[in-house]
Every structure is written in structure tokens, then in C-alpha cells.
Amino acid sequence: MFQKWKDRVTVTDIVMWMIGGTLLLMCLWGSVSTIRAGLYTKSHWIDFVIFGLAQGSIYSLIATGYTMVYGVLKMINFAHGEVFMSGPFTGYFVATAMWRSDFLDNHPIIAIIAIFAVAMLISTMIAYLVEKIAYRPLRGAPRLIPLITAIGASFFLQYLFRGLYGSGINAYPDVKVLEGFWMILGIRVLKIQAIVIVAAILMMIVLYGFIMSTKVGKAIRAVSEDKEAAALMGIDVDAMISTTFVIGGMAAGAAGVLYALMYKQVHFFMGFIPGLKAFTAAVLGGIGNIPGAMLGGVFLGLIESVAPALFLDGLGIIAPYQLKDAIAFTMLVMILIFRPTGILGERLATKKA
Amino acid sequence: MKHLLKVLVAVCFLFGLIAGPASAGNVLTIKKGEPVHLAAWFVTTGPNSSLGIDTFRGLEIAVEEMGGSIKGHPIKLSSQDEGCGPEGGQTAASKIASDPTVLMAIGSSCSSAAKPGVPILWKMGIPSISASNTAPFLTDPASGPDFSGYLRTCHNDNIQGAIAAEFAFKKLAFKKAAAIHDGSVYAQSLAQVFADTFKKLGGTITSIEAVSPGDTDMRPVLTKIASGTPEMIYMPMFIPETAHCVKQAKQVAGLEKTALMSADGSFSPDFLAAAGSAAVGMYHSSPDFSALDASYTAFLEKFKKKYGTAPEAPFHAHAYDAMFLIKGAIEKVAVVKGDTLEIDRDAFNKALHETKGMKGLTGTITCNQYGDCADPKIAVYQLTEADLKANKMSTVPFWKQY
Numbered sequence: 006m007f008q009k010w011k012d013r014v015t016v017t018d019i020v021m022w023m024i025g026g027t028l029l030l031m032c033l034w035g036s037v038s039t040i041r042a043g044l045y046t047k048s049h050w051i052d053f054v055i056f057g058l059a060q061g062s063i064y065s066l067i068a069t070g071y072t073m074v075y076g077v078l079k080m081i082n083f084a085h086g087e088v089f090m091s092g093p094f095t096g097y098f099v100a101t102a103m104w105r106s107d108f109l110d111n112h113p114i115i116a117i118i119a120i121f122a123v124a125m126l127i128s129t130m131i132a133y134l135v136e137k138i139a140y141r142p143l144r145g146a147p148r149l150i151p152l153i154t155a156i157g158a159s160f161f162l163q164y165l166f167r168g169l170y171g172s173g174i175n176a177y178p179d180v181k182v183l184e185g186f187w188m189i190l191g192i193r194v195l196k197i198q199a200i201v202i203v204a205a206i207l208m209m210i211v212l213y214g215f216i217m218s219t220k221v222g223k224a225i226r227a228v229s230e231d232k233e234a235a236a237l238m239g240i241d242v243d244a245m246i247s248t249t250f251v252i253g254g255m256a257a258g259a260a261g262v263l264y265a266l267m268y269k270q271v272h273f274f275m276g277f278i279p280g281l282k283a284f285t286a287a288v289l290g291g292i293g294n295i296p297g298a299m300l301g302g303v304f305l306g307l308i309e310s311v312a313p314a315l316f317l318d319g320l321g322i323i324a325p326y327q328l329k330d331a332i333a334f335t336m337l338v339m340i341l342i343f344r345p346t347g348i349l350g351e352r353l354a355t356k357k358a
Numbered sequence: 033m034k035h036l037l038k039v040l041v042a043v044c045f046l047f048g049l050i051a052g053p054a055s056a057g058n059v060l061t062i063k064k065g066e067p068v069h070l071a072a073w074f075v076t077t078g079p080n081s082s083l084g085i086d087t088f089r090g091l092e093i094a095v096e097e098m099g100g101s102i103k104g105h106p107i108k109l110s111s112q113d114e115g116c117g118p119e120g121g122q123t124a125a126s127k128i129a130s131d132p133t134v135l136m137a138i139g140s141s142c143s144s145a146a147k148p149g150v151p152i153l154w155k156m157g158i159p160s161i162s163a164s165n166t167a168p169f170l171t172d173p174a175s176g177p178d179f180s181g182y183l184r185t186c187h188n189d190n191i192q193g194a195i196a197a198e199f200a201f202k203k204l205a206f207k208k209a210a211a212i213h214d215g216s217v218y219a220q221s222l223a224q225v226f227a228d229t230f231k232k233l234g235g236t237i238t239s240i241e242a243v244s245p246g247d248t249d250m251r252p253v254l255t256k257i258a259s260g261t262p263e264m265i266y267m268p269m270f271i272p273e274t275a276h277c278v279k280q281a282k283q284v285a286g287l288e289k290t291a292l293m294s295a296d297g298s299f300s301p302d303f304l305a306a307a308g309s310a311a312v313g314m315y316h317s318s319p320d321f322s323a324l325d326a327s328y329t330a331f332l333e334k335f336k337k338k339y340g341t342a343p344e345a346p347f348h349a350h351a352y353d354a355m356f357l358i359k360g361a362i363e364k365v366a367v368v369k370g371d372t373l374e375i376d377r378d379a380f381n382k383a384l385h386e387t388k389g390m391k392g393l394t395g396t397i398t399c400n401q402y403g404d405c406a407d408p409k410i411a412v413y414q415l416t417e418a419d420l421k422a423n424k425m426s427t428v429p430f431w432k433q434y
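If you read the sequences in order, they're chains A and B.
Note that this note's numbering has the first sequence beginning at 6, numbered continuously upward.
Note that this note's numbering has the second sequence beginning at 33, numbered continuously upward.
1. Given this structure, state the Cα-to-Cα distance separating PRO67/B from SER216/B, to the nearest angstrom.
2. Leaving out five residues on either side along the sequence, give the residues of the same chain with a beta carbon under 7 angstroms from the beta carbon of LEU195/A.
3. Name the DSSP bridge partner or partners of HIS105/B?
4. Quick one: which residues of the region 184-196 of chain A get their C-beta closer than 7 angstroms to a C-beta of chain B? List them in chain order.
5. Quick one: what's got a C-beta closer than 7 angstroms to LYS334/B's C-beta in the same chain, skipping five residues either side?
6. If you reduce the DSSP assignment to three classes, tell me which class THR238/B lands in.
7. Could you check where the alpha helix (DSSP H) with PHE215/A kicks off and where it finishes?
8. Determine, for GLY253/A, whether the minimum Cβ-Cβ distance to residues of chain B falls below 8 angstroms.
9. Give the residues from the region 217-250 of chain B that approach chain A closer than 9 angstroms (Cβ to any Cβ), ordered along the chain.
10. So LEU304/B and ASN423/B are in contact, right, with Cβ under 8 angstroms, and what is the actual spacing, rounded?
11. When you compare each of TYR264/A, ALA331/A and VAL180/A to ASP110/A by their alpha carbons, which one comes out closest?
12. How about LEU44/A: is its C-beta nearer than 8 angstroms to some C-beta of chain B?
13. Give every residue of the same chain whose Cβ lies closer than 7 angstroms to the Cβ of THR274/B, excluding the five residues on either side of it in the sequence, and list them in chain order.
14. Which runs of the beta strand (DSSP E), 3 residues or longer, sit entirely within the region 318-401 of chain B?
15. If you draw a straight line from the C-alpha of ILE138/B to the C-alpha of ASN165/B, how long is it?
16. Should ASN175/A go down as buried or exposed, given a rule of 16 or more other Cβ atoms within 10 Å for buried?
17. By the three-class DSSP mapping on this structure, what secondary structure does SER294/B have?
18. Leaving aside the five residues before and after ALA158/A along the sequence, list all residues of the same chain whose C-beta is less than 7 angstroms from its C-beta, in chain order.
19. Quick check on ILE322/A: buried or exposed, where buried means 16 or more other Cβ atoms within 10 Å of its Cβ?
20. Do you know whose CA, among LEU373/B, GLY308/B and SER300/B, lies nearest ALA342/B's CA?
21. So which residues of chain B does GLN8/A contact, with C-beta pairs closer than 8 angstroms?
22. In this structure, how does DSSP classify ARG144/A when only helix, strand and coil are distinguished?
23. If you count every other CB in all the chains shown that lies within 10 Å of the CB of ARG144/A, and 16 or more means buried, which is it?
24. On the three-state DSSP scale, how would you describe VAL271/A?
25. If the criterion is Cβ atoms closer than 8 angstroms, does the pair ALA194/B and ALA211/B meet it?
26. Distance, Cα to Cα, PHE316/A vs PRO408/B?
27. Which bits of chain A does ILE265/B rub up against, with CB to CB less than 9 angstroms?
28. Hey, how far is the Cα of VAL37/A from the Cα of SER141/B?
29. Who are ALA182/B's beta bridge partners in DSSP?
30. Would you call GLY171/A buried or exposed, if buried means 16 or more other Cβ atoms sit within 10 Å of its Cβ?
31. Between the Cα of ALA345/B and the Cα atoms of THR77/B, LYS232/B, GLY90/B and VAL243/B, which residue gives the shortest distance?
32. Give me the Cβ distance between LEU222/B and ASP189/B, rounded to the nearest whole Å; I'm assuming they're in contact under 8 angstroms.
33. If you check the beta carbons only, do THR27/B and HIS276/B fall under 8 angstroms apart?
34. Distance cutoff 8 angstroms, beta carbons only. Does GLY215/B sit that close to anything in chain A?
35. So with CB distances below 8 angstroms, who are the chain A contacts of ASP302/B?
36. How many angstroms separate the CA atom of ALA310/B from the CA atom of ALA287/A?
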């Protein structure tokens, strides 16, 4: 038993485990000293968690797009961040037009539905066109080629939108019904955050239901399992791939509007960082796995919001929020080392193997 | 032994390569019909592009007023994007440094781009003048010879940060303040100068926090700041981050009434568009254009006529002055030999630094040996409903020291 263990463990493993262990110990030590220092009250912690959940649910929605495309095409669609940007950026013009004519304040629900519709339509169209124009001709090419194309498509879209709408930062109008906060079980929750969380959860349920229990969803799953076999069974593979992009685009467009309503800023570069973060979330959850992407997004949002205060404050690190991204990406590296399949990736790995 | 010799020769050769251009290429010869090449490196893409575009327009107007030429040679303005960051600054500076026709660089827009870029340029004997880098270390005597080819026509943040602190402590009578920066050279040094001055005056700094450029979710960091209950938050960052902070501060428990103050990096209509109504009531420190004379009004007219819009960032006039400063130095040191122009790079840099009493748009420009040329007039502005409606930054200072 011991012999077998000794044969399997290499020096690299030991070093890796030591790095992992040290990080874990530092996190624990930091948490204990932060809590003992008593800098934050209970309501502060609850605030951190709610901020994290709201941010995380947006990551989740974008991450589903990454993960589904990876499922069917085995490629990372780096233009997905721009699909996310295109919707709300276009929706901005609808929103300001309605705001100027007071329609937004008089009929807020219809107005918000209209913004969502426009944004989702544009995002869906962009996602569909990117697949059709940039990826489809490269279907049989080696995997690196579509990846580079995706990066090219991403730049193209960024600067296309810069040319169309300008390089300035545009502010979404304030929607009066979304201002202020609700007291839920004695906890102060900003209305917009509550709405973002609920809307994201609803959309994810619909999306999961669609993939798991409709015929098209079944076909998409079949394509992601084995393209050739699916084609032999009479599934139109290209159509299913397009459908995947359409669904991912819709989710990204909706996430974009939620993001824009929460942060009130749109500009042509806004998709870059959330895109990277959502990609991280998809890998965290296990790329190719839809519930994994959702879980990964929420997890990442929570870590970004809570971890700097919890882990780093107690260690006496000045200005811990600057290291938010460092924490997120360190976690990605750790996951890739110790659990390359991601949090929920196991089932997929065995299936694929 | 033979090997050692080879190595020695190779090492000598390498050193020759490194040392060669700096000593050999010291005189720039501009032949007949060739332009005087000035290379701008500004931020022209990304969220802060209004800053770079604004300064470039200032240069273009200055060139136009010079009739497009200096000493019979046309002026060529080329442009590189420095992306408002160290990577972009390094790339842009390397590109400029590799072009032997460049006499001088104009830029960068952001101090974080200047940090790696200026030494690269100066190694090739190319001095650089900035219209908008305000970080103190660039002209700090301790920065050393890497920065001896550097000048700026805008103020040094040692002045701007101190004015913000005095405004908060003396005018608003605040005793507790916090600061947020985004880790950029510009914001970090401003926040530090502010904190130091505020403490020296007798106030308390509850915390200095940092976010990363590109962050959108500021609520956690604001919640952390709220736990120290400051009366004012100083956030001298660029447009997107400042706008996020301003908007989200209103939503964080305990910060609803806290005063907010930013600096010239976000003093732009772009900021108003991004922050919206949450910005009403907040303060900004920025160059005081109301103190400038009629020549600035004439410049503004020209600007509006040429580009169809008012300036969008505060440093167009500084760029205009930088151009004339360059012209003055060229005229002082350029040797005309028939149709060619010879400029000794070292003498040129020295002449730049020796500029004295030049009448510019932003005041009387006198450079010191470290490269600070500005005649700083900084005022504090407060944003009002009327500014928001008109979508322009206010031009009437709320408070000034002089």
C-alpha cells in the first residue's frame, strides 16, 4: 500500500501540495484574524455575500455560453464577451430614448422588457453571425485555428462597436422602480440586486430545462457527446451548433442588460473583463458542464466579494480589493492543478473517457 | 584561451551595440524637404481615449498656428497608442525609439505609461514632453538620469493632492477622510499626497483602499470604507472607476451623505455621461481655466470651429503650450547649413529644460532642471444639476486658494 503510494507521488506533486497547503493555511489564518479583529459587523458580511451573489449570477449566465459552445465545438469562444457587450450597448439607445420621453418611468415594466428584447435580439444575432461567418468555415481545422479566430472576432467586434457607437462611456438611465432597497427578513437588499439574482436564477432554470428536457436540448447534448454518431442518427449537427450559439447569445444578452442595469455603464470594452471572469467560472465549474458553469459563476462572484476582506484583511495586507482578480485567478490555477475537471466536471470526464 | 578571447570579443561587441547609438547618433540631420518629426504617444483607444484625443487636438491647433513648419521644414506629427498603461507605454516608446528620424516625443497621456516609456526614449536621446502626466515621481530629483529627458507642461500632483486635502480640511472642515485609488501611478500618488497632507493638517485618514483598473463592482470596497465612517472619500481615478464608485457609494449603507471628491483624470463630460445624476454635488480638482486670459478664449473658438465640439478633457491647452515650447527650443539650438537643419540632441534637451518665461495659454512657462514647466493654477469645482443638464463640466471654480 505504502509502496504503491510512493511510486505514484512525484516531487512535483509534493511541491504542489505544499503550495496548496500553504495557501489554504494563509486563508484560514487570515479569516480567523479578520473575524477576531471584529472590523466588520454581521450586516457587513451579509452585504458582501449579496454583492457577490449578484455579480456571480451574471458571471453564471455568461459562463453558460462558454460552456455550451465548448461542449459542442471543443473550442473557447473568446468573442463571447463581445456578444455580451453588443446587446446592452445597443439597448442603451432604446433605454435613453424611452427615458427622454418619460416612457421608462411611466411604464417601467414594458420598457424594461423592450430593452431586454432588443439587447437579446442583437446579442443573439451577433453570436449567430460570428459562428456562421468566422467558425463554420473552420469546422475541420485544427483546434488552435478557431481559437485564434475567436480572438480576432473579439477584436473585430470591439472595434466595430467603437466605430458604430463611439469610444465614450454611456450611462444607462436610472429606472425609478429599481432604485432603493427592500428589507427581506431584516436584511437590507438593493432592489436591483434582488432582481438581478432572481432573474438570473429564473433564466438558468429555463435554460437548464430546455437543455435537459426538450428534443432540441437532447440533440445538442448528443452533438456535444459525439458529433459523428449524432449525425448518423439524423441530427443536423450544423443546425444544433447554431442553436447553441443562439442560446448562448440570448443568455449573454440578458446578462448584459442585468449588468448594465446594475452598473449603469456601457462602453465598447465592457465585455472584456466579464468575459474573462465568466471563462474562469466555466473552467471552475468544469468546462462543458452547464450546472457547473452556473455554480462556478456564483462561486467566483462570492469569492471576489468576500475573500479580500476575509482572507487578506486579517493578514494585514493594505488595500486588499486590489488583489480581487489575483485571488480569482489563483483559484483558477489551484483548481486546474488539483482538480483539472473543475468542481462538477467528474461525470463529464468519465463519460468522455 | 582561444575561447576566452572569443567571449571577450563577443562581450565587447555587445557593449558596443548598446553604447553605440547613444553616443554616435547625437546630432540629428534634417535634409531639405524632410520633416521635423515629432512623435506623439497618447492614449487613443480604450475607455480613456478622450484624454489622448483632446491633447492631440491641442497639438494640431498649435502646429496649424505655426503654419505647419519650423525653420522651413514641415512638422510631421505621428501618433502611437500607449493605452494608458505600462505595457502600452513600453510598446509605443520602443516603436518611437526605433525610428531615427524622431526628434522628440510628445506624451504620454498617463503616468503609468511614462514610467517604462520615458527611459526607453531617453536611451536613444529622444526627450519627451507630456501635457497630462501628473505623477510626482516623473520629475522627482530622486528618479535619476533615466528621466532627465523628461518634461511636462501640466501640474505636478504634489500640488493637486495637497490642494484637495486643504480644501477638505479648511473649506469643508472635515476631520475624517478615506481614499481609493486604482493602483495606477497617477491615482496612487495622488491618494498618497492627499493622505499625507490631510494628516499633516491634523485630520484622520480612516483607510486608503485600492481597486483594479476595469473593476465594476465597487460595493465591497465601499462597504469596507464605510466601516471607518469617513466624512469624505477622495477617489482620484480615471473615468470608469470613478463613475462606478460615485454611483455605488450612494447605495452603500453609511455612505449616503459622505462627500465625494475626484481629480482631473475624470474631469470630462464623459464622466458626467457615465456617472449621471449620482455625480451632482461631488467635487473635482482640475486646472483653473477661468484664471486664463483672452488667448485661451480665442483658442477655444478655434478648437470648436475645427472639431465641432468643445474640449473633452482638461489638457488640450497644456499640449498646445508644449508644442510652442518645443518650437522655442528648436529655434534656439538648430543649426541651419544651407538647406539642412542640424540639431544636437543633448543641446536640444538642455534648451528644453532651460525654457524661461514663455507666455503660454496656461500661464507663464518656466521649466526647472527636473522638467516641471507648469504654472499650476488648480481650483476645486462642484458639479451641479445645471452642469449635468448641459452635459459639460463646470467652468466656474467652487473654491480656489489664490
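Backbone N, C-alpha and C define an ideal beta-carbon position, used for all residues, glycine too.
If we stick to the structure as given:
1. What you label residue 67/B is simply residue 35 of the second sequence in a count that begins at 1. What you label residue 216/B is simply residue 184 of the second sequence in a count that begins at 1. Cα-Cα distance, rounded: 36 angstroms.
2. Looking up residue 195/A in the first sequence gives position 190. If we look at LEU195/A and ignore the five residues flanking it on each side, its Cβ neighbours are PHE186.
3. Looking up residue 105/B in the second sequence gives position 73. HIS105/B is bridged to ILE102/B.
4. ARG193 and LEU195
5. Against the second sequence, residue 334/B aligns to sequence position 302. Contacts found: ILE93.
6. Locating residue 238/B in the second sequence gives position 206, counting from the first residue. Looking at THR238/B - three-state DSSP - the assignment turns out to be strand.
7. The count along the first sequence starts at 1 and reaches residue 215/A at position 210. It spans 196-218 - the alpha helix (DSSP H) in which PHE215/A sits, taken as one unbroken run.
8. Your numbering for residue 253/A matches position 248 in the first sequence. No - not a single Cβ of chain B is within 8 angstroms of the one on GLY253/A.
9. SER239, ILE240, GLU241, ALA242, VAL243, SER244, GLY246, ASP247, THR248, ASP249 and MET250
10. Start at 1 with the first residue of the second sequence, and residue 304/B comes out as number 272. Start at 1 with the first residue of the second sequence, and residue 423/B comes out as number 391. Between ASN423/B and LEU304/B the Cβ distance is about 6 angstroms, and since that is below 8 angstroms, they are a contact.
11. Here residue 110/A refers to the residue found at position 105 of the first sequence. Minimum Cα distance to ASP110/A is reached at VAL180/A.
12. As a working note, residue 44/A is residue 39 in the first sequence. Yes, because at least one Cβ of chain B sits closer than 8 angstroms to the Cβ of LEU44/A.
13. Here residue 274/B refers to the residue found at position 242 when the second sequence is read from its first residue. Closer than 7 angstroms at the Cβ level, and outside the excluded window around THR274/B, lie MET267, SER294, SER298 and PHE303.
14. 367-369, 372-376, 390-392 and 395-397
15. Mapped onto the second sequence, residue 138/B falls at position 106. Mapped onto the second sequence, residue 165/B falls at position 133. Going by the C-alpha atoms only, they are around 11 angstroms apart.
16. Translated into positions along the first sequence, residue 175/A becomes position 170. Looking at its Cβ environment, which holds 16 or more other Cβ atoms inside 10 Å, ASN175/A is buried.
17. Here residue 294/B refers to the residue found at position 262 of the second sequence. SER294/B falls in the strand class under three-state DSSP.
18. Against the first sequence, residue 158/A aligns to sequence position 153. Same-chain partners within the cutoff: ALA84, VAL135 and ALA139.
19. Walking along the first sequence from the start, residue 322/A turns up at place 317. Exposed, since its Cβ has fewer than 16 Cβ neighbours within 10 Å.
20. Residue numbering aside, residue 342/B sits at position 310 when the second sequence is read from its first letter. The shortest C-alpha separation from ALA342/B is found at SER300/B.
21. As a first step, residue 8/A is located in the first sequence; it is residue number 3 there, counting from the start. The premise fails here: GLN8/A is roughly 49 angstroms from chain B at the closest Cβ pair, so nothing lies under 8 angstroms.
22. Here residue 144/A refers to the residue found at position 139 of the first sequence. Coil.
23. Stepping through the first sequence from its first residue, residue 144/A is reached at position 139. Its Cβ having fewer than 16 others within 10 Å, ARG144/A is exposed.
24. On the first sequence, position 266 is the one that residue 271/A refers to. Correct three-state label for VAL271/A: strand.
25. One-based indexing of the second sequence puts residue 194/B at position 162. One-based indexing of the second sequence puts residue 211/B at position 179. For ALA194/B and ALA211/B, no; Cβs fall outside 8 angstroms.
26. Indexing the first sequence from 1 puts residue 316/A at position 311. Indexing the second sequence from 1 puts residue 408/B at position 376. Roughly 43 angstroms between the two C-alpha positions.
27. Residue numbering aside, residue 265/B sits at position 233 when the second sequence is read from its first letter. Residues of chain A passing the Cβ test: none, with the nearest at roughly 14 angstroms.
28. Sequence index remark: in the first sequence, residue 37/A carries index 32 (1-based). Sequence index remark: in the second sequence, residue 141/B carries index 109 (1-based). One C-alpha to the other measures close to 44 angstroms.
29. Reading the second sequence from its first residue, position 150 is the one you call residue 182/B. One point to set straight first is that residue 182/B is Tyr, not Ala, in the sequence displayed. According to DSSP, which records beta bridges pairwise, TYR182/B is partnered with SER160/B.
30. For this step, residue 171/A is matched to residue 166 along the first sequence. Exposed is the call here.
31. The residue you call residue 345/B lines up with position 313 of the second sequence. Nearest C-alpha to ALA345/B: GLY90/B.
32. Position 190 of the second sequence, counted from the first residue, corresponds to residue 222/B. Position 157 of the second sequence, counted from the first residue, corresponds to residue 189/B. About 5 angstroms; that satisfies the 8 angstroms criterion.
33. Since the first residue shown for chain B is 33 and the last is 434, residue 27/B is missing from the structure and cannot be characterised.
34. Taking the first residue of the second sequence as position 1, residue 215/B is located at position 183. So, interface residue.
35. The residue you call residue 302/B lines up with position 270 of the second sequence. Ordered by position in chain A, the residues that pass the 8 angstroms Cβ test against ASP302/B are GLY173 and ILE174.
36. Taking the first residue of the second sequence as 1, we reach residue 310/B at position 278. Taking the first residue of the first sequence as 1, we reach residue 287/A at position 282. When rounded, the distance between both Cα atoms is 34 angstroms.
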